[in-house]
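Protein chains in written order, with our numbering: chain F, 1 to 708; chain Z, 1 to 46.
Note that beta-carbon positions come from the ideal geometry of N, C-alpha and C, so glycine has one too.
Here the structure is a predicted model, which means the values were calculated and not measured.
A short write-up of the structure that comes next.
This is the structure we're talking about:
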């Protein structure tokens with residue numbers, strides 16, 4: 001039987017752990033050139049030589065073993081608990097060749113726990129350009145370990161790393177630092193109380209406020225007696241430990257590393273000066289955003305039109321070629337129409353993720369985080385809140401999870417509560433269809449008005465997020481410490497493979513996962529719209545014919561064809577109005593009417609509470625029921641008329657009202673569930689739901705009443 | 001033929017309704033995943 005060993009990949013944020021993990025396991029975890037990508041343990045299997053199998057754990061990035069955030073706790077809890085099934089046989093500390101000094105702090109801490117520890121120095125391909133040279137044998141001797149010089153970008157050195165993992169038993173487990181030099185008297189007492197225990201491990205158990213639930217109770221009782229030291233004294237000792245370690249690291253690097261600054265071809269400093277400038281930094285950021293939205297519109301137009309037409313033709317083909325009956329109607333009017341409402345947005349979503357991935361991969365996103373910290377502080381958030389807020393443009397769920405690397409609970413809670421305001425990809429279909437209906441396709445200066453409106457929607461979402469954060473910061477009476485440390489990675493040419501994987505995964509997740517919900521809702525809606533509870537539905541044709549006969553019958557029409565067309569139209573309308581969904585919609589119409597919506601839009605608002613993108617699919621299904629002509633979704637919506645005013649249902653006033661409703665409303669059940677999980681109570685998601693819905697209703701009401 | 005079409009429509013409707021209920025309202029114990037995070041990247045359900 002093959003032997004299996006546990007291998008933990010540990011390292012500072014943004015050292016390329018996830019890339020190394022992907023190389024070792026052959027999996028495709030998302031990678032990005034900004035910190036905080038890994039917030040939970042990821043695992044995979046790597047086959048090594050001699051029939052050894054390695055169970056690889058990719059742990060969240062951490063700067064040290066002095067935990068200050070939830071994701072750092074995950075690392076410490078695992079390393080201090082030998083009973084954990086994932087406790088590593090060998091730890092691989094991934095470090096960045098350009099930030100060795102800071103990275104080695106974590107390495108020395110892990111090595112001192114007595115775990116066989118390999119140092120993997122990543123990004124070796126940049127050494128020449130940065131004029132860095134390392135004396136690896138000397139460094140191995142000084143750090144008492146084995147070192148692999150690797151490049152996850154160029155896929156070099158991975159074989160050496162695998163070999164070192166296989167030979168992990170031969171790695172020296174002597175500590176780098178003698179822990180007792182931190183505070184001799186204190187550690188002397190510890191040694192006497194626990195003669196058989198590792199001193200440094202005990203020290204971490206005493207100083208870290210993490211969950212050691214699986215440690216033996218008796219052990220914990222004795223350990224807690226050592227917590228009698230005041231918190232400030234323990235902090236002082238922690239600082240002393242850090243100083244001792246850096247002193248040791250400085251000595252090692254002095255002997256083993258040389259950096260010839262004069263020969264470094266460094267563009268980074270010059271670029272940083274411009275991109276993080278207090279004026280130009282923001283100008284460039286907004287210019288990039290504007291460019292992205294402009295390009296999304298220009299590039300997506302043709303594939304979107306093609307998809308829309310293809311679905312309309314497909315519907316028509318089904319209706320014409322399949323035998324008449326309810327199943328054919330369901331296929332043509334329910335399933336195909338509903339699916340068309342989601343597939344049509346693939347081009348725009350793919351382009352959006354393409355640009356976001358390029359910005360992440362290039363290293364620019366970290367500059368944005370740094371830049372925005374200045375703004376965020378004023379609103380009770382930290383620069384780290386930018387990562388969730390930007391991730392929120394894809395989906396609020398991973399964004400809420402990404403708040404785990406925010407140390408301050410108050411800042412974290414505020415970020416969780418405001419992140420759903422960010423324009424997620426699910427809002428995009430709603431915005432795109434409404435904008436195309438109510439905003440003219442004209443140029444303003446050099447920019448398309450529709451693209452400008454879309455960008456404005458993103459800014460409204462972001463503005464709502466930081467505005468709410470400011471209010472929450474004033475209201476919430478939670479005291480917690482706050483500081484900001486962010487990794488500034490080097491600029492890199494984005495790797496086509498990573499960008500491709502990211503775009504593919506995000507788009508697939510959007511289409512497949514959302515598609516299932518939309519398909520199911522489309523089927524249910526079609527059935528509810530195609531059957532009715534009483535005679536007004538079942539006898540629709542008789543009622544309409546009698547009504548037309550009373551008004552003069554066929555004589556009032558130019559020919560029999562026009563007469564029949566009018567009958568068909570009125571029958572479809574009569575049936576829809578008296579179907580099950582018609583009655584449900586009418587029941588909620590009084591609530592949505594002041595916002596400029598009819599009962600059909602009201603139904604779409606309710607169904608899209610499951611997921612916002614269901615909105616377009618719902619309307620596409622409702623409008624296509626009984627419609628003899630197979631039209632595109634956009635044409636169907638454009639053709640809807642307000643029977644009272646005789647104006648298009650989707651006009652400027654109702655369109656803006658809808659845009660604002662979706663900008664602010666908490667229309668996502670999954671987000672509520674994840675907020676509950678992250679805050680461990682229903683209190684916050686319920687507050688979020690009520691507050692966001694109230695803001696959305698008031699904003700939509702005000703917009704419609706002013707603009708109508 | 002029409003009867004058969006009606007039966008298939010009803011079956012499809014019941015499957016769709018069942019899927020939505022188990023997804024958003026209530027999941028029977030035998031359908032629960034071991035680590036139920038919802039679907040999508042990071043359990044995002046989208």
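Residue-level contact to chain B via CB, residue 14 (chain Z), 7 Å cutoff = In the structure shown, chain B does not exist; the protein chains are F and Z.
Helix, strand or coil: which one does DSSP assign to residue 644 (chain F)?
-> coil
Based on the DSSP output, what are the partners of residue 596 (chain F) in its beta bridges?
-> Note: residue 596 (chain F) sits in no beta bridge, so no partner.
For residue 459 (chain F), count neighbouring Cβ atoms within 10 angstroms of its own Cβ and tell me buried if that reaches 16, exposed if not.
-> exposed
Who are the neighbours of residue 323 (chain F) on chain Z, taking C-beta pairs under 8 Å?
-> 1 and 5
What do you get for residue 721 (chain F), buried or exposed, if any count of 16 or more other CB atoms within 10 angstroms of its CB means buried?
-> Lying before the first or after the last residue shown, residue 721 (chain F) is absent from chain F, which here runs from 1 to 708.
Rounded to a whole number of angstroms, what is the C-alpha to C-alpha distance between residue 676 (chain F) and residue 687 (chain F)?
-> Looking at the two C-alpha atoms, the distance is approximately 11 Å.
Pull up the distance between the alpha-carbon of residue 574 (chain F) and that of residue 671 (chain F), whole angstroms please.
-> Taking the straight line joining both Cα atoms gives about 38 Å.
Between residue 529 (chain F) and residue 503 (chain F), what straight-line distance do the alpha-carbon atoms span, to the nearest angstrom?
-> 36 Å
Does the Cβ of residue 429 (chain F) have 16 or more other Cβ atoms within 10 Å, making it buried, or fewer, making it exposed?
-> Burial call: buried.
Within 7 Å, strictly: CB atoms of residue 661 (chain F) and residue 696 (chain F) = yes
What residues in its chain sit with their C-beta under 6 Å from that of residue 536 (chain F), if we drop five residues either side in the sequence?
-> 578
Does DSSP put residue 151 (chain F) in a helix, a strand or coil?
-> strand
Taking only runs of the alpha helix (DSSP H) that begin and end inside the region 565-593 of chain F, which ones reach a length of at least 4 residues, in chain order?
-> 580-592
Looking only at its own chain, which residues have a Cβ that is under 6 Å from the Cβ of residue 149 (chain F), when we skip the five neighbours before and after it?
-> Excluding positions up to five away in sequence, the list reads 121, 124 and 157.
Does DSSP put residue 2 (chain Z) in a helix, a strand or coil?
-> Secondary structure of residue 2 (chain Z) (DSSP, three-state): helix.
Within 7 Å (strictly less), CB to CB, does residue 8 (chain Z) reach chain F?
-> Put simply, the CB of residue 8 (chain Z) is near chain F, with a gap under 7 Å to one of its CB atoms.
State the start and end residues of the unbroken beta strand (DSSP E) segment that holds residue 96 (chain F).
-> That run of the beta strand (DSSP E) goes 90-96.
Does residue 11 (chain Z) come within less than 7 Å of chain F when only Cβ atoms are used?
-> So, not an interface residue.
Given 8 Å, three or more beta-carbon pairs between the region 124-142 of chain F and the region 97-106 of chain F = yes
Minimum Cβ-Cβ distance from residue 520 (chain F) to chain Z less than 7 Å | Yes, residue 520 (chain F) lies at the interface with chain Z (some Cβ there is under 7 Å from its Cβ).
Find out if the Cβ-Cβ distance for the pair residue 234 (chain F), residue 80 (chain F) is shorter than 7 Å.
-> no
Excluding sequence positions up to five away, which residues of its chain have a Cβ less than 6 Å from the Cβ of residue 558 (chain F)?
-> none
Tell me the DSSP bridge mates of residue 169 (chain F)?
-> None, per the DSSP bridge assignment.
Pairwise C-alpha distance: residue 641 (chain F) and residue 72 (chain F) | 57 Å
Measure the Cβ-Cβ separation of residue 312 (chain F) and residue 621 (chain F) and say whether it is below 7 Å.
-> no
Any contact of the region 370-383 of chain F with the region 442-456 of chain F, i.e. 3+ C-beta pairs under 8 Å?
-> no
So, helix, strand or coil for residue 239 (chain F), using DSSP?
-> Secondary structure at residue 239 (chain F): helix, using DSSP grouped into helix, strand and coil.
With 16 other Cβ atoms within 10 Å as the buried cut-off, status of residue 681 (chain F) = Of the other Cβ atoms in all chains shown, fewer than 16 fall within 10 Å of the Cβ of residue 681 (chain F); this residue is therefore exposed.
Alpha carbon to alpha carbon, how far is residue 57 (chain F) from residue 153 (chain F)? Give it in angstroms, no decimals.
-> 20 Å
Decide if residue 84 (chain F) is buried, meaning its Cβ has at least 16 other Cβ atoms within 10 Å, or exposed.
-> exposed
Quickly, what does DSSP pair residue 46 (chain F) with across the bridge? List them, please.
-> F:54
Selection of the region 663-685 of chain F by Cβ proximity to chain Z, strictly under 9 Å = Residues are counted here when their Cβ sits less than 9 Å from a Cβ of chain Z; for the region 663-685 of chain F these are 668, 669, 670, 671, 673, 674 and 677, given in chain order.
Please say whether residue 523 (chain F) and residue 340 (chain F) have beta carbons closer to each other than 7 Å?
-> no
Do the CB positions of residue 172 (chain F) and residue 86 (chain F) come within less than 7 Å of each other?
-> no
Among F:286, F:247 and F:603, which one has its Cα closest to the Cα of residue 525 (chain F)?
-> Answer by Cα proximity: F:603.
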